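Asker:
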Amino acid sequence: MESSLILSITTFVYAIASFLYIGSWTFKKEILAKTGFFILVGGFLLNTSGIIMRWIESYKIGYGHAPFSNMYESLVFFSWTVCILYIFVELKYKERIIGVFATPLIFLAIAYASLSPSIGNEIAPLIPALKSNWLIAHVITCFLGYAGFTIAFGFSIMHLVKPENNEGNTLFSRFPSSSVMDELTYQMIVFGFLFLTIGIITGAVWANSAWGKYWSWDPKETWSLITWIIYAILLHLRVSWGWYGKKIAWISILGFLAVMFTYFGVNYFLSGLHSYG
Amino acid sequence: MTQTELNKKHDIKTNEPLFKQAWDFFASVKLAIIVLILIAATSIIGTIIPQNATDSFYFHKYGEFLYKLFLILDFYDMYQAWWFLLLLLLLGINIVACSIDRLNKTWKIIFPNKISFNIDRFKKLKTQKSFVQKNDYDKIVSEYKLYLSKRFKTIIEKKSENSTAIYVEKGRWARFGVYIVHLSIILLLIGGLIGVVFGFKSSLNLNEGQSANSVFISKQKVEKKLGFTIKCNTFAVKFYDTGAPEEFKSNISIIENNKEVFKKDIIVNDPLRYKKINFFQSSYGVSSADGVTLEITSKESKMIYHQKVNIKQTFTLPENGGEFTLMRYVPQFDFKGHNIGEAFLGSVKKADGKEFMVVLPKRFPTFDKMRKGDFAFIAGDHTKKYYTGLQVTYDPGVLYVYLGFIFMIVGCYITFFISHQTIMVEITKSKNDELSICICGKANRNNQSMKMKIEKLAGQLSGLVIKNL
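The listed protein sequences correspond, in order, to chains A and B. Heads up: the first sequence is residues 3 to 279, going by the numbering used here. Heads up: the second sequence is residues 14 to 482, going by the numbering used here.
1) Taking the straight line between their C-alpha atoms, what separation do you get for A/Pro-130 and B/Ser-296?
2) Can you list, in chain order, the residues of its chain with a C-beta nearer than 8 Å to that of B/Val-48? Leave out the 5 residues immediately preceding and following it.
3) Mind listing the chain A neighbours of B/Val-425? Cutoff is C-beta to C-beta under 8 Å, in chain order.
4) Tell me which residues of the stretch 90-124 of chain B have at least one Cβ-Cβ distance to chain A shorter than 8 Å, keeping chain order.
5) Along the stretch 400-432 of chain B, what residues have a CB closer than 7 Å to any CB found in chain A?
6) Hey, how far is the Cα of B/Tyr-12 from the Cα of B/Leu-98?
7) Classify B/Glu-18 as helix, strand or coil using the three-state DSSP reduction.
8) Using the Cα positions of B/Val-405 and B/Tyr-92, report the straight-line distance between them to the nearest angstrom.
9) Does the Cβ of A/Asn-210 have 16 or more other Cβ atoms within 10 Å, making it buried, or fewer, making it exposed?
10) Quick one: what's got a C-beta closer than 8 Å to B/Leu-116's C-beta in the same chain, skipping five residues either side?
11) Taking contact to mean at least 3 C-beta pairs separated by less than 8 Å, is the stretch 374-386 of chain B in contact with the stretch 264-272 of chain B?
12) Taking the alpha carbon of B/Thr-306 as the reference point, which residue from B/Asn-323, B/Arg-134, B/Asn-282 and B/Ser-56 has its own alpha carbon closest?
13) Apart from the five residues on each side of it in sequence, which residues of its chain come closer than 7 Å, Cβ to Cβ, to B/Asp-446?
14) Assess contact between the stretch 465-475 of chain B and the stretch 166-177 of chain B, defined as three or more Cβ pairs (one per stretch) separated by less than 8 Å. Is contact present?
15) Judging by CA-CA distance, which residue of A/Phe-195, A/Ser-179 and A/Ile-125 is the nearest neighbour of B/Met-421?
16) Please tell me whether B/Thr-435 and B/Lys-455 are closer than 9 Å, where the distance is taken between their beta carbons.
17) Would you tell me roughly how many angstroms separate the C-alpha atoms of B/Leu-217 and B/Phe-229, rounded to the nearest one?
18) Beta carbon of B/Asn-457, beta carbon of B/Arg-188: below 9 Å?
19) Cβ of B/Glu-18 less than 9 Å from any chain A Cβ?
20) Does the CB of B/Ile-467 have a neighbour CB from chain A at under 9 Å?
21) Report the neighbours of A/Leu-173 on chain B: residues whose CB is nearer than 8 Å to its CB, in chain order.
22) For a contact defined as C-beta to C-beta under 7 Å, what are the partners of A/Trp-280 on chain B?
23) Tell me the rounded alpha-carbon separation between B/Ile-309 and B/Ala-392.
24) Just checking: is the beta-carbon of A/Pro-178 within a distance shorter than 9 Å of some beta-carbon in chain B?
25) Between the Cα of B/Thr-441 and those of B/Glu-174, B/Leu-358, B/Ala-110 and B/Asp-37, spot the shortest distance and give me the residue it belongs to.
26) Since B/Gln-336 sits in a beta bridge, which residues does DSSP pair it with?
27) What does the alpha-carbon distance come out to for the pair B/Asp-381 and B/Lys-398?
28) Short of 9 Å Cβ to Cβ, which residues in the stretch 228-258 of chain B face chain C?
29) Using C-beta distances below 7 Å, list every residue in its chain close to A/Leu-162, excluding the 5 sequence neighbours before and after it, in chain order.
30) Here's the rule I'm using: 16 or more other beta-carbon atoms within 10 Å means buried, otherwise exposed. How should B/Val-210 be labelled?
31) What residues of chain B sit near A/Asn-210, judged by a beta carbon separation below 7 Å?
32) If I measure Cβ to Cβ from B/Ser-112 and keep anything under 7 Å in the same chain, skipping five residues before and after, which residues do I get?
33) Identify each residue in the stretch 198-221 of chain B for which the Cβ-Cβ distance to at least one residue of chain A is less than 7 Å, and report them in chain order.
34) For B/Leu-201 and B/Glu-439, what's the separation of their Cα atoms in angstroms?
35) Quick check: is the beta carbon of B/Leu-49 nearer than 9 Å to any beta carbon in chain A?
36) Closer than 7 Å, Cβ to Cβ, to anything on chain B: give me those residues from the stretch 50-63 of chain A, in chain order.
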């Protein structure tokens with residue numbers, strides 16, 4: 003399958019981009035980050051074409067479905083959503099250094115998909131429950147939500163390791179000012195929250211049209227609700243109680259752990275309707 | 014504040030009527046956060062303990078003590094436990110109280126008697142940008158006013174001897190966003206409650222040709238009349254090459270007053286809805302089999318015969334061996350305590366009148382040979398009869414829930430992405446015929462983008478006049 007090859011190359015390209023971003027931060031060389039950005043965009047284009055080719059290949063085999071049906075495909079798409087969101091953030095906010103945390107996450111997700119022996123990359127036919135137009139809307143919105151929270155997690159880690167007094171020239175003091183990171187964390191969480199909301203809703207509407215119940219308290223559903231509530235609490239603490247900075251960063255990390263458990267943990271530890279990814 | 018003032022304030026607080034205290038408690042953000050934490054934390058229980066399983070399952074899994082403890086705490090159906098519903102109720106009350114409390118203030122902001130602005134307060138803002146223009150004062154003022162009035166609906170002007178301040182704003186109504194989100198949660202809670210109280214959910218297995226006019230609701234252990242009859246005409250299942258099911262389809266008829274009023278093929282993701290009751294394709298299984306081809310080996314002549322036979326059908330055995338009757342099909346045959354899978358049962362009546370039973374399991378073709386009779390029977394291919402597994406639901410609350418979904422998305426969008434923005438542009442005459450321009454602004458949310466907006470506006474305003482020179 004050519005798409006698998008392209009996606010393996012994508013993994014490699016993302017790895018180079020990550021190294022350049024980290025190198026730029028460690029050695030204070032702006033040029034490395036600039037090069038990293040172009041390589042990242044290149045990786046993104048490869049990632050995109052890999053997904054499209056896999057889609058076409060599934061039609062050629064005769065199964066004909068969007069590439070969102072198992073863990074391999076979902077991880078590849080997860081990398082794609084985090085990457086597009088990060089590219090947008092870098093272009094809009096002109097803060098290159100964020101890439102130090104965002105690009106390794108993009109790389110790790112697709113590397114896990116390509117290299118983990120437990121994740122098969124063959125194109126499988128779609129089970130009847132997934133045959134719906136809601137699949138595409140549900141997966142895209144959920145993953146945009148996850149992507150927002152993932153980048154927010156990157157900002158939060160930066161925020162927490164940055165020393166309080168901004169003097170000295172340690173590695174961590176090179177991060178953007180606390181107020182900038184606080185604002186960017188908030189922006190990403192708001193973005194993620196809106197899309198997670200839409201993702202849960204499209205899932206509920208789909209469940210109602212497939213099983214006759216918009217909400218069954220299935221572990222995946224419940225954990226997505228728990229994630230949603232954590233971020234809802236964060237937003238209330240920030241807007242109504244004026245929490246900001248490191249306190250918010252801690253909750254953002256807690257929220258991201260809930261995202262990871264919703265995404266992976268539920269499939270590995272709990273059983274339910276959502277066993278396909 | 015002096016000590017006496019503090020005491021006074023304290024007195025007022027303790028002397029507040031009980032109702033006011035209760036109201037403040039229910040309208041507090043603190044309660045909202047505590048209730049949300051409790052809902053999220055307790056929800057985890059139901060993802061670890063399987064819900065609505067049988068008593069014996071729980072007993073074996075957790076042992077006597079934990080079994081009883083979890084039973085008392087309602088952990089086996091926790092999302093409908095009294096304490097979980099109480100948390101949801103608290104959340105509902107909190108949201109209503111909280112919203113009413115704050116809407117009072119917000120209403121006055123959204124619909125003020127007169128929009129006014131304070132020049133000094135704007136000038137203290139962090140988000141501002143200044144630049145210098147060399148141009149005619151009146152001309153600049155009128156040009157800026159024209160430019161801003163095209164982009165903002167509300168525009169107010171304050172003139173003083175040496176300066177003009179132009180105030181513009183937009184998105185005042187966006188302050189409603191958060192109330193739309195809160196309303197959506199109330200709609201979801203109401204819709205959910207209606208569903209629990211007035212709706213039902215049941216599973217219904219129908220053989221091909223079988224019909225039903227009621228369903229059994231296992232939770233309340235009651236029979237529910239549908240008000241019409243549902244019949245499964247045919248059922249078919251298709252498989253991929255891999256053996257995984259590709260599609261399963263039931264042809265369903267609705268019968269009222271002995272007349273077929275509706276007919277439809279239903280597949281997963283494409284249900285049938287009739288009189289607000291939904292029928293979903295959810296599973297299938299083999300209910301019976303028929304038309305089996307038997308392979309009959311004669312012990313004496315070593316000849317092999319093939320004979321197709323239906324259930325309850327009798328045929329004459331070759332070589333004057335008597336008669337064979339196919340009795341029935343058993344999906345799970347129990348042989349000395351072992352489940353040996355699907356099997357056909359037959360009866361042989363020999364020419365001398367002796368009768369005995371034979372068991373022909375599909376998985377063990379040599380099973381009957383071990384009987385060491387005159388003939389050995391093997392059950393070959395047979396036609397399968399499927400039953401269709403339907404999920405039957407009725408939920409009059411869905412409408413409210415869907416309305417809630419729409420409000421939720423719209424509300425979240427307005428709350429997070431549209432803000433009430435106020436901008437003041439001040440044009441001041443300074444020395445040497447120069448004009449100093451200051452743009453200050455703030456937004457009730459997302460002040461970061463306000464900064465960019467002011468930068469952009471400064472660029473546009475300074476570029477504007479150069480064009481018109």
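Just so you know, even glycine gets a beta-carbon here, dropped at the ideal spot from N, CA and C. On a predicted model such as this, the values are computed, not experimentally measured, just so you know.
Answerer: Concretely, from the data shown:
1) Locating residue 130 of chain A in the first sequence gives position 128, where the first residue counts as 1. Locating residue 296 of chain B in the second sequence gives position 283, where the first residue counts as 1. Rounded to whole angstroms, A/Pro-130 to B/Ser-296 spans 11 Å at the Cα level.
2) Within the second sequence, the letter at position 35 stands for residue 48 of chain B. Correct list, in chain order: Leu-100, Leu-103, Leu-104 and Asn-107.
3) Residue numbering aside, residue 425 of chain B sits at position 412 when the second sequence is read from its first letter. What sits at residue 425 of chain B in the sequence shown is Cys, not Val. Those are Phe-195, Leu-196 and Thr-199, listed as they occur along chain A.
4) Tyr-92
5) Gln-404, Thr-406, Val-411, Val-414, Phe-418, Met-421, Ile-422, Cys-425, Tyr-426 and Phe-429
6) No answer is possible for residue 12 of chain B: the residues shown for chain B start at 14 and end at 482.
7) Translated into positions along the second sequence, residue 18 of chain B becomes position 5. The predicted model places B/Glu-18 with a pLDDT of 48, which falls under 50 and marks its position as unreliable, so this point remains unresolved.
8) Start at 1 with the first residue of the second sequence, and residue 405 of chain B comes out as number 392. Start at 1 with the first residue of the second sequence, and residue 92 of chain B comes out as number 79. B/Val-405 and B/Tyr-92: Cα-Cα distance of roughly 21 Å.
9) Stepping through the first sequence from its first residue, residue 210 of chain A is reached at position 208. So A/Asn-210 counts as buried.
10) Numbered from its first residue, the second sequence carries residue 116 of chain B at position 103. Answer for B/Leu-116: Tyr-192, listed in chain order.
11) no
12) Translated into positions along the second sequence, residue 306 of chain B becomes position 293. Comparing Cα positions, the closest option is B/Asn-323.
13) On the second sequence, position 433 is the one that residue 446 of chain B refers to. Within the same chain, B/Asp-446 has close Cβ partners Lys-147.
14) no
15) Position 408 of the second sequence holds residue 421 of chain B. Taking only the C-alpha atoms, the option nearest B/Met-421 is A/Phe-195.
16) Taking the second sequence and counting its residues from 1, the one referred to as residue 435 of chain B is at position 422. Taking the second sequence and counting its residues from 1, the one referred to as residue 455 of chain B is at position 442. Yes, these two residues count as a Cβ contact at 9 Å.
17) Here residue 217 of chain B refers to the residue found at position 204 when the second sequence is read from its first residue. Here residue 229 of chain B refers to the residue found at position 216 when the second sequence is read from its first residue. Answer to the nearest angstrom: the Cα atoms are 8 Å apart.
18) For the purposes of this step, residue 457 of chain B is taken as the residue at position 444 of the second sequence. For the purposes of this step, residue 188 of chain B is taken as the residue at position 175 of the second sequence. In contact: B/Asn-457 and B/Arg-188 (Cβ atoms closer than 9 Å).
19) Mapped onto the second sequence, residue 18 of chain B falls at position 5. Model confidence at B/Glu-18 stands at a pLDDT of 48, short of 50, so the residue's coordinates are unreliable; what they give is reported in the following sentence. So no, B/Glu-18 is outside the interface.
20) Here residue 467 of chain B refers to the residue found at position 454 of the second sequence. Not an interface residue.
21) Along the first sequence, one-based indexing puts residue 173 of chain A at 171. In chain order: nothing, as chain B lies at least about 26 Å away.
22) This structure cannot speak to residue 280 of chain A, because chain A is shown only from 3 to 279.
23) Taking the first residue of the second sequence as 1, we reach residue 309 of chain B at position 296. Taking the first residue of the second sequence as 1, we reach residue 392 of chain B at position 379. Going by the C-alpha atoms only, they are around 9 Å apart.
24) Counting from 1 along the first sequence, the entry for residue 178 of chain A is found at position 176. No, because no Cβ of chain B sits closer than 9 Å to the Cβ of A/Pro-178.
25) As a working note, residue 441 of chain B is residue 428 in the second sequence. That would be B/Glu-174, whose Cα lies nearest to the Cα of B/Thr-441.
26) In the second sequence, counting from the first residue as 1, residue 336 of chain B sits at position 323. Note that residue 336 of chain B corresponds to Glu in the displayed sequence, not to Gln. DSSP lists B/Thr-329 and B/Lys-362 as partners of B/Glu-336.
27) Looking up residue 381 of chain B in the second sequence gives position 368. Looking up residue 398 of chain B in the second sequence gives position 385. Looking at the two C-alpha atoms, the distance is approximately 24 Å.
28) Protein chains A and B are contained in the structure displayed, whereas chain C is not.
29) As a first step, residue 162 of chain A must be located in the first sequence, where it is residue number 160. So the list reads Lys-248 and Ala-251, once near-sequence residues are dropped.
30) Your numbering for residue 210 of chain B matches position 197 in the second sequence. Its Cβ having fewer than 16 others within 10 Å, B/Val-210 is exposed.
31) In the first sequence, counting from the first residue as 1, residue 210 of chain A sits at position 208. Result: Val-411.
32) The sequence position of residue 112 of chain B within the second sequence is 99, counting from 1. So the list reads Tyr-192 and His-195, once near-sequence residues are dropped.
33) Lys-214
34) By one-based count along the second sequence, residue 201 of chain B stands at place 188. By one-based count along the second sequence, residue 439 of chain B stands at place 426. When rounded, the distance between both Cα atoms is 47 Å.
35) Here residue 49 of chain B refers to the residue found at position 36 when the second sequence is read from its first residue. Taking Cβ atoms only, chain A reaches closer than 9 Å to B/Leu-49, which makes this a yes.
36) none
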